[in-house]
Structure formats: structure tokens, C-alpha cells
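S.K.: Structure provided below as C-alpha cells; questions to follow.
Protein chains: 2
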Amino acid sequence: MKLSESEENYIKCIYHLHVPGQGVSATLLAASVQTKAASVTEMLKRLSRKKLINYKPYHNFTLTELGNKIALEVIRKHRLWEYFLVEKLGFDWHEVHTIAEELEHISSKELIHRLEAFLGSPSFDPHGDPIPDRFGKMKTVRQTCLSEIPEKKLVTVNAITDQSATMHELLKHYGIHIGTKIKVNRHFSFDGSVEIKINKQPLITLSRKAAQYIFCTI
Amino acid sequence: MKLSESEENYIKCIYHLHVPGQGVSATLLAASVQTKAASVTEMLKRLSRKKLINYKPYHNFTLTELGNKIALEVIRKHRLWEYFLVEKLGFDWHEVHTIAEELEHISSKELIHRLEAFLGSPSFDPHGDPIPDRFGKMKTVRQTCLSEIPEKKLVTVNAITDQSATMHELLKHYGIHIGTKIKVNRHFSFDGSVEIKINKQPLITLSRKAAQYIFCTI
DNA sequence: AAAAAAATTTAGGTAAAGCTAAAAAATAAA
DNA sequence: TTTATTTTTTAGCTTTACCTAAATTTTTTT
Numbered sequence: 007m008k009l010s011e012s013e014e015n016y017i018k019c020i021y022h023l024h025v026p027g028q029g030v031s032a033t034l035l036a037a038s039v040q041t042k043a044a045s046v047t048e049m050l051k052r053l054s055r056k057k058l059i060n061y062k063p064y065h066n067f068t069l070t071e072l073g074n075k076i077a078l079e080v081i082r083k084h085r086l087w088e089y090f091l092v093e094k095l096g097f098d099w100h101e102v103h104t105i106a107e108e109l110e111h112i113s114s115k116e117l118i119h120r121l122e123a124f125l126g127s128p129s130f131d132p133h134g135d136p137i138p139d140r141f142g143k144m145k146t147v148r149q150t151c152l153s154e155i156p157e158k159k160l161v162t163v164n165a166i167t168d169q170s171a172t173m174h175e176l177l178k179h180y181g182i183h184i185g186t187k188i189k190v191n192r193h194f195s196f197d198g199s200v201e202i203k204i205n206k207q208p209l210i211t212l213s214r215k216a217a218q219y220i221f222c223t224i
Numbered sequence: 007m008k009l010s011e012s013e014e015n016y017i018k019c020i021y022h023l024h025v026p027g028q029g030v031s032a033t034l035l036a037a038s039v040q041t042k043a044a045s046v047t048e049m050l051k052r053l054s055r056k057k058l059i060n061y062k063p064y065h066n067f068t069l070t071e072l073g074n075k076i077a078l079e080v081i082r083k084h085r086l087w088e089y090f091l092v093e094k095l096g097f098d099w100h101e102v103h104t105i106a107e108e109l110e111h112i113s114s115k116e117l118i119h120r121l122e123a124f125l126g127s128p129s130f131d132p133h134g135d136p137i138p139d140r141f142g143k144m145k146t147v148r149q150t151c152l153s154e155i156p157e158k159k160l161v162t163v164n165a166i167t168d169q170s171a172t173m174h175e176l177l178k179h180y181g182i183h184i185g186t187k188i189k190v191n192r193h194f195s196f197d198g199s200v201e202i203k204i205n206k207q208p209l210i211t212l213s214r215k216a217a218q219y220i221f222c223t224i
């Protein structure tokens, strides 16, 4: 089935907004695709007609099996392109999202298949999000946010869930990126800050706010 | 100025169809963008309003300076992506055109700038067509088609102007591609066929039809 | 449980990009 | 130079994807 760019975007957003057991509300989706609720309603009817969502007027909705599959295909393309932009073209990871939003709609299956091979079939994108394989399967990594890692543990940064330029600035300053090995020295319960050590560098302290967005594997 | 994919396609086609002194006719353009003459008229009015073409109803039209600049930007993107698809992803050159038709509309300037650098700023795409640089400048190579190369001359294949799968099959069979060095041994005026030699391989004969599409530099 | 608030849908409208059929202008032929 | 043919434009319609404003339904509050 050939979908429009718009349809693909709605599907993708529904996937991201979905809360198990509750589905997705129209208002949330409207904000997410940057449009008005009335426009969402129209699109919902279309997506429903195409059997991509389960929809009953005035109620929350969910993706069908087919809708889910398509969402994963778009997300797969998005993340592979992000990986390409960072690893091959040298973009910073906070710059690539917007460009990947365009590239994710290029339709050729063969292209994405070859791109994946060219990149060495990565399992995670530069933000640490898992890249679905061609069957829609993703690696699930049990990752914990830095403020919840026990003291004295050595961990590896695996994902950073805030993509703002300001967060990027902070991480760059401390030399923290995907793959960085961090030893958690101490937690201060007063303000939730964490004292950490990277390699042989002097100890540094991260605020609770920053630590919350840094996910690691043990 | 942000143009739609459709507008960019029209501009690109006008560029390709343009004949110096005569401009472009609506019927030709309609065939080229795969639409009807009536739809072309509407688009011409829009492009004229945006100062991208010089248009007077019922007459042929031409690109303005600005229109020309935009055409070259689209062509630049198209050819750089084709180069990427062939050189990095390993596509055959006759498969890449359709995919590049989609990729050429990705808008990020930074992306295309980095892509160019990543590819090593190539001057010609896999079909041998010149790639405009970021100022719209293209290398002009005096190239001659194989059936017009004098006997005993050693030349280098520089462009192949037929992109069909059948032509591709033929060239693959003989091991002819961009960059191949060919020595023209003899022309047969009876049927226009050419006897050639590639490296130390045995002599082979190409039909006039094939030779016509193979362009070389001396 | 009725009233108020919030969420969702309907109704009616716009712009882009296409279509067919008919009218008008330009070009070619007699 | 008329007439015929071809080319181009206009008129009127369709679909996608948005919009605002008003009506409806659901949810929350009193």
C-alpha cells in the first residue's frame, strides 16, 4: 500500500504516542503532527478506511497490526538515515532529526535495505534508540537512567533522551556520548545530583535534570 | 524560496527540454512531467507568478535566471544522489534514476553539501552527466560518440546516454563502463558497426546502434 | 444527576495539483 | 488568404490536507 507523506506521519505519531491500554487521543495527536483537531478527525476516518487504525468516533484509537507494521517501517528508515547522517556525513546528533523526517518518506525498499548493509546493520541510532530490523524487530536493552544506577557501578551510556541543543552543549562539554563509560561515584539525595568519573578524568557532578536523560547499560 | 516537489519537477523538466532560441512548448512539457496540457497551463501561471519562468499565454516559455538556478540545484542533488547510490550502495547505474527522483527533493542544503564532500566532490554522475557544483557550474567535456571516433584512436568512455536495462546488459557483457579505455580498430561503413579492443582482450564488434550511445573523450 | 468544561466531530471553506471537455489562438495547408 | 489542424487556455470538477466556527458527545465537577 502506497501512503502519502502525511498519512505516514500520522501513523508514526500514533505509534509514538500510544499508551498501552489507553490508545491515543485526537488532541494529543493534533499537537504531535502540528495541526488542528478537526484535521485529525478527517485523517482518522481515512486511516480507518484503509484499515490502519481501530477507530470509533469520540473514542481513543490504536494502530492495527498493519498500521503498526507501517509505523515500524517509517521509524526504521528514520533511524537508519539518522545513523547515516551522523556516522557517514559527520553531523552532530542533535542536527539530524529534521533531515531524517524528510528522508524517512523515501519509498524504495531496496534503498533502505542496501543502506542498512552499508551502515553495517546498526542496532541503535545516534540517540540510542533501537533501529527495527526488516521484520520490525528491535533490540530491547534494559537500560537505566544515570540517577538510578547504584554507586560504584561502571556503566556505558546507551541513549540520551533529550535532543535539545542545550543538552548537546552540556554533554559535549563533559565529553559524554553514546558509548562513554561512566563510573557512578556518589548520589546526593538533597538535590538528586550524581558525582561521576569518566576514565581517569577528575570527578564531575551532573544535576538530577541532566542525569535523568542519560540512559546506561550495566 | 520553498518550492513544492511538483514545482521543482516542472522547473527541472523545462531546463532539460529547453532549446536555445525556441524555449519550451506546453505539450512537450506535459509529456515530460506525465500530465495533461491543461494542468501544465495552470502550473505555468504559478511559476510565472513566482518569477521562475518567462511566460506569455499561447507562447513558448523559458526559465528566468532564478528558475535556472533552481533547476541546477535540483539536478545537482539528483546526480550526487545517483553517484552515492552507485558508488556507495552498489546499485547498478540503470536502477538509480527513479530513486534519485525522490531524493532530489530533500531540502537541506547542509545535507547536500556534506554529501558532496563525502563522495569526494565528483564532477560526473554514473551516467557520465556533469554534476553542477554549489554555484551551478558544470565541467564541460568535449565528448564524441564511439561511432565517430577515428580508427586506431585510444579513448575513454565518459558517458552512456541510454539508461535501459537492455543496454546495461550489453555493456556488462562486454565489460564496458564509465572509465573503460577503448581502442577503435575499424569502422564498417556497410552497417556502421565498430570493431574495438579493450585492454588485451580479443577484438569485439559493436553495432552502430550501441556505439551511438557510448560517448568518449580522446 | 444536572451543569460546566473539555474533547471530538461536522459543516463549510481554501489551496495545490490533477482531470475532461469545450473554447480560443496560433500554425500549417490548401 | 481562407480553411483546417494543432496547440493552448478556460471552465468546471475531484482529491488531499489543511483551516475556522459551530454542534455534539464525553468527561468532570458541583
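In the order they appear, the protein sequences are chains A and B.
Heads up: take any position in the first sequence, counting from 1, add 6, and you land on my numbering.
Heads up: take any position in the second sequence, counting from 1, add 6, and you land on my numbering.
Cβ atoms here follow ideal geometry from the backbone N, Cα and C, with glycine treated the same way.
Quick caveat: nothing in here was measured; it's all calculated off a predicted structure.
Find the nearest neighbour of Ile204/B within the set Thr211/B, Arg214/B, Ile188/B, Asn60/B, judged by alpha-carbon distance.
M.R.: Ranking the options by Cα distance to Ile204/B, first place goes to Ile188/B.
S.K.: By Cβ distance below 8 angstroms, which residues in the same chain neighbour Leu34/A in space, the five residues on each side in sequence not counted?
M.R.: Once the five neighbours on either side are set aside, the close Cβ partners of Leu34/A are Leu23.
S.K.: Can you tell which of Lys75/B, Leu72/B, Ile76/B, Leu50/B has its C-alpha closest to the C-alpha of Asn66/B?
M.R.: For the residues Lys75/B, Leu72/B, Ile76/B, Leu50/B, the minimum Cα distance to Asn66/B belongs to Leu50/B.
S.K.: Using 8 angstroms as the threshold, is the C-beta distance between Ile105/B and Leu117/A below it?
M.R.: Against a cut-off of 8 angstroms, the Cβ pair of Leu117/A and Ile105/B comes out as a contact.
S.K.: Please check the pair Thr186/A and Glu201/A, which I expect to be a contact at CB under 8 angstroms, by giving their CB distance rounded to whole angstroms.
M.R.: 16 angstroms between Cβ atoms; not a contact.
S.K.: Looking at the unbroken alpha helix (DSSP H) that takes in Arg192/A, where does it start and where does it end?
M.R.: Arg192/A -> not in any alpha helix (DSSP H); beta strand (DSSP E) instead, spanning 187 to 194.
S.K.: Would you say the region 139 to 147 of chain A touches the region 89 to 103 of chain A, given that touching needs at least three Cβ pairs under 8 angstroms?
M.R.: With the cut-off at 8 angstroms, the region 139 to 147 of chain A and the region 89 to 103 of chain A do not touch.
S.K.: Quick check on the burial criterion: 16 or more other C-beta atoms within 10 angstroms. Buried or exposed for Glu79/A?
M.R.: Counting Cβ neighbours within 10 Å, Glu79/A comes out buried, since at least 16 surround it.
S.K.: By a C-beta neighbour count over all protein chains shown, 10 Å radius and 16 as the cutoff for buried, is His133/A buried or exposed?
M.R.: It counts as buried.
S.K.: From Ile220/B to Val102/B, what does the alpha carbon distance come to, in whole angstroms?
M.R.: Looking at the two C-alpha atoms, the distance is approximately 19 angstroms.
S.K.: Using 8 angstroms as the threshold, is the region 43 to 62 of chain A in touch with the region 110 to 124 of chain A, meaning 3 or more CB pairs across them?
M.R.: These segments do not touch.
S.K.: Give me, in chain order, the residues of the same chain whose beta-carbon lies closer than 8 angstroms to that of Gln28/B; leave out the 5 immediate sequence neighbours on both sides.
M.R.: Correct list, in chain order: Asn66.
S.K.: Counting only Cβ-Cβ distances shorter than 9 angstroms, please list the residues of the region 112 to 143 of chain B near chain A, keeping chain order.
M.R.: Listed by position along the chain: Ile112, Ser113, Ser114, Glu116, Leu117, Arg120, Leu121, Ala123, Phe124.
S.K.: Between which two residues does the beta strand (DSSP E) carrying Glu11/B extend?
M.R.: Taken as a continuous stretch (DSSP letters only), Glu11/B belongs to no beta strand (DSSP E), being part of the alpha helix (DSSP H) at 11 to 23.
S.K.: Less than 8 angstroms between CB atoms is the rule here; does Ile105/A satisfy it with respect to chain B?
M.R.: It does: the Cβ of Ile105/A has a partner Cβ on chain B nearer than 8 angstroms.
S.K.: Over what stretch of residues does the beta strand (DSSP E) that includes Asn164/B continue unbroken?
M.R.: Run containing Asn164/B: 160 to 166, per the beta strand (DSSP E) assignment.
S.K.: Just list the residues that DSSP pairs Pro136/A with in beta bridges.
M.R.: Phe130/A.
S.K.: Which same chain residues, not among the five before or five after Lys75/A, have their C-beta less than 7 angstroms away from its C-beta?
M.R.: Taken in chain order, the residues that qualify are Gly142.
S.K.: Using only alpha-carbon positions, find the residue among Val39/A, Ile182/A, Lys18/A that is nearest to Thr68/A.
M.R.: Considering only alpha carbons, the answer is Lys18/A.
S.K.: Can you list, in chain order, the residues of its chain with a C-beta nearer than 6 angstroms to that of Glu20/A? Leave out the 5 residues immediately preceding and following it.
M.R.: Reading the sequence as shown, one finds Ile at residue 20/A and not Glu. Val30, Leu69, listed in sequence order.
S.K.: Go to Phe90/A, then tell me how far its alpha helix (DSSP H) extends in each direction, as first and last residue.
M.R.: Where Phe90/A is concerned, the enclosing alpha helix (DSSP H) stretches over 71 to 93.
S.K.: Grab me the residues of Ser199/B's own chain with a C-beta within less than 7 angstroms of its C-beta, minus the 5 sequence neighbours each way, in chain order.
M.R.: Closer than 7 angstroms at Cβ, skipping near neighbours: Thr211, Leu212, Ser213, Arg214.
S.K.: In chain B, what lies closer than 8 angstroms to Lys8/A by C-beta?
M.R.: Within 8 angstroms Cβ-Cβ: nothing; Lys8/A doesn't reach chain B, min ~12 angstroms.
S.K.: Assuming Tyr89/B contacts Asp131/B (C-beta within less than 8 angstroms), just tell me the rounded distance between them.
M.R.: Yes, they are in contact, since the Cβ atoms of Tyr89/B and Asp131/B sit about 5 angstroms apart, within 8 angstroms.
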